[in-house]
Amino acid sequence: MEQYEPDRLTPPQVAAMRRSLRTGRGALTRRSLLRATAGGTLAAGGLGALSGCGIPAAGKAQGGTPAHDHSAQEKVVAFSNWTEYIDVDDSGKRHPTLETFRRRTGIKVDYTEDINDNNEFFGKIKPQLAAGQDTGRDIIVLTDWLAARLIRLGWVQKLDPANLPHAYTNLSPQFRNPDWDPGRAYSYPWQGISTVIAYNKKALDGIEVKSVSDLLDNPRLKGRVGFLSEMRDSMGMTLLDMGKDPARFTDDDFDAAAARLQKAVDKGQIRRFTGNDYTSDLTKGDFAACIAWAGDVVQLKADSPDVDFVIPDSGYMTSTDNLCVPNKARHKTNAERLIDFYYEPEQAAALAAYINYVTPVDGVKPYLAKIDQDAANNPLIVPDKAMQAKSHAFRSLSQKEETAYEEKFAKLTGA
Amino acid sequence: MKTTPDNSGDVRLSGISKTYGSFTAVHPLDLTVPEGSFFALLGASGCGKTTTLRMIAGLEEPSSGTVRLGDQDVTHLPPYKRPVNTVFQSYALFPHLDIFENVAFGLRRRGIKSVKKQVEEMLELVQLGEQARKKPHQLSGGQQQRVAVARALINHPKVLLLDEPLGALDLKLRRQMQLELKRIQTEVGITFVHVTHDQEEAMTMADTVAVMNGGRVEQLGAPTDLYENPQTTFVANFLGTSNLIEAEVDTENGDDIVLKAGGGKLVLPEARCSAPTTAGGKVLVGIRPEKIALTHADEAGSIPEGRNRVTGKIADASFIGVSTQYVIDTPVCDEFAVYVQNVERDGRLVPGADVVLHWSPAHTFGLDAAQDIDAGTEEEAAA
Amino acid sequence: MSTLTEAPPPLAPAEPEKRPPRKRGRFTPYWLLLPGMLWLIVFFALPMIYQASTSVQQGSLEEGYKVTWHFATYWNALSEYWPQFLRSVFYAAAATVLCLLLGYPLAYTIAFRAGRWKNLIMILVIAPFFTSFLIRTLAWKTILADSGPVVHTLNSLHVLDLTDWLGWTAGDRVLATPLAVVCGLTYNFLPFMILPLYTSLERIDGRLHEAAGDLYAKPWTTFRKVTFPLSMPGVVSGTLLTFIPAAGDYVNAELLGSTDTRMIGNVIQTQFLRILDYPTAAALSFILMAAILAMVTFYIRRSGTEDLV
Chain A
5 MEQYEPDRLT
15 PPQVAAMRRS
25 LRTGRGALTR
35 RSLLRATAGG
45 TLAAGGLGAL
55 SGCGIPAAGK
65 AQGGTPAHDH
75 SAQEKVVAFS
85 NWTEYIDVDD
95 SGKRHPTLET
105 FRRRTGIKVD
115 YTEDINDNNE
125 FFGKIKPQLA
135 AGQDTGRDII
145 VLTDWLAARL
155 IRLGWVQKLD
165 PANLPHAYTN
175 LSPQFRNPDW
185 DPGRAYSYPW
195 QGISTVIAYN
205 KKALDGIEVK
215 SVSDLLDNPR
225 LKGRVGFLSE
235 MRDSMGMTLL
245 DMGKDPARFT
255 DDDFDAAAAR
265 LQKAVDKGQI
275 RRFTGNDYTS
285 DLTKGDFAAC
295 IAWAGDVVQL
305 KADSPDVDFV
315 IPDSGYMTST
325 DNLCVPNKAR
335 HKTNAERLID
345 FYYEPEQAAA
355 LAAYINYVTP
365 VDGVKPYLAK
375 IDQDAANNPL
385 IVPDKAMQAK
395 SHAFRSLSQK
405 EETAYEEKFA
415 KLTGA
Chain B
17 MKTTPDNSGD
27 VRLSGISKTY
37 GSFTAVHPLD
47 LTVPEGSFFA
57 LLGASGCGKT
67 TTLRMIAGLE
77 EPSSGTVRLG
87 DQDVTHLPPY
97 KRPVNTVFQS
107 YALFPHLDIF
117 ENVAFGLRRR
127 GIKSVKKQVE
137 EMLELVQLGE
147 QARKKPHQLS
157 GGQQQRVAVA
167 RALINHPKVL
177 LLDEPLGALD
187 LKLRRQMQLE
197 LKRIQTEVGI
207 TFVHVTHDQE
217 EAMTMADTVA
227 VMNGGRVEQL
237 GAPTDLYENP
247 QTTFVANFLG
257 TSNLIEAEVD
267 TENGDDIVLK
277 AGGGKLVLPE
287 ARCSAPTTAG
297 GKVLVGIRPE
307 KIALTHADEA
317 GSIPEGRNRV
327 TGKIADASFI
337 GVSTQYVIDT
347 PVCDEFAVYV
357 QNVERDGRLV
367 PGADVVLHWS
377 PAHTFGLDAA
387 QDIDAGTEEE
397 AAA
Chain C
-8 MSTLTEAPPP
2 LAPAEPEKRP
12 PRKRGRFTPY
22 WLLLPGMLWL
32 IVFFALPMIY
42 QASTSVQQGS
52 LEEGYKVTWH
62 FATYWNALSE
72 YWPQFLRSVF
82 YAAAATVLCL
92 LLGYPLAYTI
102 AFRAGRWKNL
112 IMILVIAPFF
122 TSFLIRTLAW
132 KTILADSGPV
142 VHTLNSLHVL
152 DLTDWLGWTA
162 GDRVLATPLA
172 VVCGLTYNFL
182 PFMILPLYTS
192 LERIDGRLHE
202 AAGDLYAKPW
212 TTFRKVTFPL
222 SMPGVVSGTL
232 LTFIPAAGDY
242 VNAELLGSTD
252 TRMIGNVIQT
262 QFLRILDYPT
272 AAALSFILMA
282 AILAMVTFYI
292 RRSGTEDLV
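Chains as they are written, first to last, in the working numbering: chain A, 5 to 419; chain B, 17 to 399; chain C, -8 to 300.
Shown next as structure tokens:
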């Protein structure tokens, strides 16, 4: 798979490429390897998706539509995840935690890395879910807003708490009650993603950056500031900076934040809105500072001493990638057992030691310390109390709001 | 007839040669084409005739030697500065331009503004006045050929070079165009250098023919000279058909040489022998098939004295209308070709009949026996 | 076909019973067309119809979409996003011209001057295709980085002052400016220009060059009057193969551009994937398609190469 290693790109940049242009937040492993990416996938994404838009009314079945559960007869579970978002052994082919699960339960995990992008993946599974058919997947991993959309559409199944004792007990309080799935009836986080401010010390050249306001207003940063093309991250950080709570804002608040960003765009302060490719801008110093995902920053810091991050006093955004069971999945119970398995602190630690995102499981730290002391002490991976206190989530949106906000944000980024 | 009195239309090649790596396409060559003549370079493919032509045109840089037009040394001039035009093999007409513009091309390049009259006249000369606005691919092969000639001639070049100009035409059209080209040449009086592999074409059209073989000129002269008195086996075989007999010099008798061949004696005028002769030496004796008379063996006594004689048996006879072509098995040559005009046909001359072949010694020619006897024949070309 | 059916059967009396197997042969061409037709129907016609229908629907993801023949979507899309349309056309045209200026000399060299290096150079031209479009484009971010040697050189030569004044770049940078996007487009589509140019140049009979020289044309005149006119089919197909995908491209604008360089491809992508406004996305696609079709038709008419394309 390691076909091509462009020399001046660091592994995180390469990983960024791999994870497509848009909202991709696949994974950064400690050993991010370049996969031959599909520019083709990307190009085909646009056209293929356009033509594949079967759009009947969403089958509204609150609580989801279970199929007959074959878990007892068929000892398998089909798990669709983002690329490189799980532990890998030295051979690069086997996933130790999945093997532990199999040894213990006898359930074979049919693991596929077929998610590159939320929007794209939604386009892919939408026709089947809308038509009330099995997608062939028992577990899918969706970023919270998309998980919220599927719950709203009634396309994912309610989970059985009886099968999720560890998950129920060990889920970090910070993630327990998102407004789109209070009490976690439909979803459990796989990993949390923090959005912070990252900067390049060399490029900053002594300029102090502590808040989003610094990014938007300091004339010395003109044309060297990056924001994310992910609406919730960029708008959430701006709302926080303006003293608004992203979990409880109004249309006016949104418009005011958008206007604030628009002003920065108009005067050339913001260089561009990016997907994952911001990592190369940051390491090369084209961005002096930018809104960034913490998982990337952990990796970038390791490779480039100039890169660091700061948590604004006003707080930072946290979102989650969530495990859901889509409608008509054949092995719901097996899926629930797998979810619960990853909420055992020992397994969560094995996972956290390999990928650099926020672990949603309490009690991981001692286990992680045994594997990797640095990771255990890194607040971006195992958030401490102070860190958790500054964490904010974006409130869930109705379909109408989502469309309106995305449209306004798109205008802001040049449509 | 001559357009200029200063011989500036002469083409003078001195010592020019062309080598490609280790391959020599043209051996050092001296050649003068007098102004106003129709000159043909004749030879099989790969003999160097086209390369020679291209060196005159400036499309090929000679490896040595000089090219002069009259007194002007043009050896190192690019083609567009030489007062020479070429009619290319398969014409190379510009497919994107119509006939008018093809013909006007050279004039326009020389900055001549009003080309209409000249082009129309030239198209009239080649009888294509009606076709002016057609594209080349809409014309027949013969018409395209005439366009190519018109396109070159309109520039009044000092020399017109023609590279196998009729090669792509069918036989009938080729005959017609041969006469047409000859007419045009006579009319305009420009020096024509014509490259061809067709000996009949060369002999019909040219005043002077140079026969080339293996990068060298084998023989140069008027068509009749070449035919009647070839100097090499190649010329003898390539131009028409020759019967060649290996003979031994017996005695020299005044202006004649007496030769022994297959037990008989043949007489050859010394003036018609291009090879050195010493008593006992070998010579190739040649005679054209149509010069030979055929007499049935029963009437051998009626043959006048002083003629060369060979006896033989008819192996094959084919009647082709104006003549009958015989193949005779003789002691000196087992496939002796004889063409007899069908004036008074002798019914006894059928395969198996014993005959006497006889001809005037004045028609005999002698060649150096050290040469390949088959040079220039079709058998050799096929080998 | 007509000769088959109309030709009098000269041998008919000799073999009156034998009806030649013409019937089967008559349908052979249609059978041969079948796979291609099916392919077109499934992968072109059906998606087009689907998309056409989508563009006149109204609704939302939750309520479903219904065909309401709401043609206003087209008008709204056009009036909202005409700047991006214009920009796409302008960038694509600029990239096409650059491709032609860069590609023609290269194609000419390969066709007439490269000799035994011909194949090697052709491979080098195609080599970028061995890596993905995305990675090739990202590589330009390294090449054009603000502190990189290219920008540094341009800066010290005051080239960027000029381009800044023209509005092609902003300040001391090239990335995230129109120039970067146009450069990216040029780079990515250059092979699409070179290959057809090369093919049509290579087809030109070398004797035509000799004939032109023989008829007093200097080398440059030969090029202007003979070579270039004869390479027009390559020029036309090369410009089309460059312009059409460049006008619809969104990767270059996304990676190398900024908010003020977004092209119509970016808008369609955003409409479809983020805003989930499928009708607008479909309408924009149709407008783009129609606009390109109109421009291409006009262009081919003007260049007078209908029969050559």
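All residues carry an ideal CB built from backbone N, CA and C; glycine is no exception. Computed from a prediction, not measured in an experiment: that's the story for all the values here.
Please confirm whether residue 112/A has its beta-carbon closer than 7 Å to some beta-carbon of chain C.
Chain C contact via Cβ: absent.
Decide if residue 70/C is buried, meaning its Cβ has at least 16 other Cβ atoms within 10 Å, or exposed.
With fewer than 16 Cβ atoms within 10 Å of its Cβ, residue 70/C is classed as exposed.
How close, in whole Å, do the beta carbons of residue 416/A and residue 262/A come, if the pair is a contact with beta carbons under 8 Å?
Between residue 262/A and residue 416/A the Cβ distance is about 6 Å, and since that is below 8 Å, they are a contact.
Can you give the Cα-Cα distance for residue 407/A and residue 387/A, rounded to whole angstroms?
Straight-line Cα distance between these residues: approximately 33 Å.
Residue 273/A by DSSP, collapsed to three states: which one?
Coil, per DSSP.
Per DSSP, residue 201/A is paired with what?
295/A and 314/A.
Hey, would you say residue 364/A sits closer than 7 Å to residue 193/A, going by beta carbons?
It is a contact, given that the beta carbons lie within the stated cut-off.
Thinking C-alpha only, which one of 274/C, 289/C and 286/C is nearest residue 66/C?
When each option's Cα is compared against that of residue 66/C, the closest is 274/C.
Please report the distance separating the alpha-carbon of residue 255/B from that of residue 215/B.
Roughly 6 Å between the two C-alpha positions.
Strictly under 7 Å for the Cβ-Cβ distance: is residue 240/C near chain B by that measure?
Not one chain B Cβ lies under 7 Å of residue 240/C.
Starting from residue 320/A and walking both ways along the beta strand (DSSP E), at which residues does that stretch end?
Element bounds for residue 320/A: 320 to 328.
I'd like the ranges of any alpha helix (DSSP H) spanning at least 4 consecutive residues and lying wholly in the region 106 to 149 of chain C.
List check, alpha helix (DSSP H) in window: 109 to 117, 124 to 134 and 140 to 147.
By alpha-carbon positions, which one of 266/C, 282/C, 287/C and 277/C ends up nearest to residue 413/A?
The shortest Cα separation from residue 413/A among 266/C, 282/C, 287/C and 277/C belongs to 266/C.
Could you have a look at residue 172/A and say whether DSSP puts it in helix, strand or coil?
Three-state DSSP puts residue 172/A in a helix.
Could you list which residues in chain C have their beta carbon closer than 8 Å to that of residue 95/B, in chain order?
Near residue 95/B (Cβ distances below 8 Å), the residues of chain C are 201, 204 and 205.
Where in the region 51 to 79 of chain B do unbroken runs of the beta strand (DSSP E), each at least 3 residues long, occur, reported from the N-terminal end onward?
54 to 58, all fully within the region 51 to 79 of chain B.
Under three-state DSSP, which class holds residue 161/C?
Strand.
Which residues in chain B have a C-beta closer than 9 Å to the C-beta of residue 221/C? List them in chain order.
By Cβ distance, chain B contributes 110, 111 and 112.
Quick one: residues in its chain with C-beta nearer than 6 Å to the C-beta of residue 53/A, no 5 flanking neighbours on either side, listed in chain order?
Because residue 53/A sits at a pLDDT of 38, beneath the cut-off of 50, its placement in the model cannot be relied upon, and the point is left open.
Tell me residue 104/B's beta-bridge partners as DSSP assigns them.
Note: residue 104/B sits in a beta bridge opposite 107/B.
Give me the chain B residues within the contact set of residue 217/C, using Cβ-Cβ distance strictly less than 7 Å, ordered along the chain.
Here the neighbours are 110.
Given residue 265/B, which residues of its chain have a CB within under 7 Å of its CB, disregarding the five upstream and five downstream residues?
Within the same chain, residue 265/B has close Cβ partners 273, 275, 293, 294, 295, 296, 297 and 299.
Residue 236/B versus chain C: which residues are under 9 Å apart at the beta carbon?
Chain C residues near residue 236/B: none, gap ~26 Å exceeds 9 Å.
So, does the region 156 to 165 of chain C touch the region 127 to 144 of chain C, judging by three or more C-beta pairs under 8 Å?
With a cut-off of 8 Å, the region 127 to 144 of chain C and the region 156 to 165 of chain C count as touching, because enough Cβ pairs lie within range.
Are the beta-carbon atoms of residue 186/B and residue 105/B separated by less than 7 Å?
No, these two residues do not count as a Cβ contact at 7 Å.
From which residue to which residue does the alpha helix (DSSP H) around residue 177/C run?
Taken as a continuous stretch (DSSP letters only), the alpha helix (DSSP H) holding residue 177/C covers 169 to 193.
Excluding five sequence neighbours on each side, which residues of the same chain lie with their C-beta closer than 8 Å to the C-beta of residue 98/B?
The residues are 73, 74, 85 and 90.
To the nearest angstrom, how far is it from the Cα of residue 227/C to the Cα of residue 94/C?
Rounded to whole angstroms, residue 227/C to residue 94/C spans 13 Å at the Cα level.
Quick check on the burial criterion: 16 or more other C-beta atoms within 10 angstroms. Buried or exposed for residue 154/B?
With fewer than 16 other Cβ atoms within 10 Å, it is exposed.
Give the single residue among 286/B, 145/B, 62/B and 184/B whose Cα lies nearest to the Cα of residue 268/B.
It is 286/B whose Cα lies nearest to the Cα of residue 268/B.
Leaving aside the five residues before and after residue 278/C along the sequence, list all residues of the same chain whose C-beta is less than 8 Å from its C-beta, in chain order.
Result list for residue 278/C: 65, 68, 69 and 76, in chain order.
Closer than 6 Å by C-beta to residue 248/A: which residues in its own chain qualify, once you throw out the five before and the five after it? Chain order, please.
Contacts found: 257.
Report yes or no: is there a C-beta of chain C within less than 7 Å of the C-beta of residue 25/B?
No, residue 25/B does not count as interfacial toward chain C.
On a CA-only basis, which of 328/B, 382/B, 332/B and 346/B is nearest residue 244/B? Give me that one, please.
Comparing Cα positions, the closest option is 382/B.
Taking the alpha carbon of residue 149/A as the point to measure from, which residue in 325/A, 83/A, 135/A and 164/A has its own alpha carbon closest?
Selected option, being the one with the closest Cα: 325/A.
Does residue 107/C have its Cβ less than 7 Å from a Cβ in chain B?
Closer than 7 Å: no.
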